[in-house]
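A.B. asks:
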Amino acid sequence: KTEHPGMSVTDMAKEIGQQWNQMSEEAKAPYNARADLEKSRFVEEMATYKATHPVSSEESEEEEKEKEKEKDKDKETLKDKKRRRKVKDPSAPKAAQTSFFLFQAAQRERIKQE
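In terms of this note's numbering, the sequence shown has 61 at position 78, counting the first letter as 1, and numbering is strictly consecutive.
#1: Measuring straight from C-alpha to C-alpha, what distance separates Tyr14 and Glu27?
#2: Determine the DSSP secondary structure at Asp(-6), reduced to helix, strand or coil.
#3: Just to confirm the assignment: which complete alpha helix (DSSP H) runs, minimum length 4, are found wholly within the region -10 to 35?
#4: Among Ser(-9), Ser74, Ala16, which one has its Cα closest to the Cα of Phe84?
#5: Determine the burial state of Ser82: buried for a count of at least 16 other Cβ atoms within 10 Å of its Cβ, exposed for fewer.
Below you can see the structure in the form of structure tokens.
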């Protein structure tokens, strides 16, 4: 921020992206290692979650058929369909961060301290 005082958040993100692209594989290695750890953590947590929540977040076939019948009756508009979002289970594990996002978070902390 002190090097580029007038830089917007978007420009800062672009700059960090360019830094990431210019980094060597050796420099990216710590971030890739952390990302691999995050991914293995996520896979383990998701396996545990699926074991403890046998009903998947997807609906059963019967419920889908019933909804199809209701849709035919109601003839929802495309706009209405786009507005509806699938509700995420709050107890589901969070997805793993990629190595770039870990790098970006580290850069953000460094920039905030300056």
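Just so it is clear, CB atoms sit at the ideal spot from N, CA and C, and this is done for glycine as well. What you are looking at is a predicted structure, and each value in this text was computed from that prediction instead of being measured.
C.D. replies: Put simply:
#1: The residue labelled residue 14 in the question sits at position 31 within the sequence shown. The residue labelled residue 27 in the question sits at position 44 within the sequence shown. Their backbone Cα atoms lie some 20 Å apart in a straight line.
#2: Within the sequence shown, residue -6 is the residue found at index 11, counting from 1. Under the three-state reduction of DSSP, Asp(-6) is assigned to helix.
#3: Under the rule that a run must span 4 or more residues, the alpha helix (DSSP H) segments found entirely inside the region -10 to 35 read -8 to 5, 8 to 35.
#4: Stepping through the sequence shown from its first residue, residue 84 is reached at position 101. That would be Ala16, whose Cα lies nearest to the Cα of Phe84.
#5: In the sequence shown, the residue the question calls residue 82 occupies position 99. A residue is called buried when at least 16 other Cβ atoms come within 10 angstroms of its Cβ; Ser82 meets this threshold and is buried.
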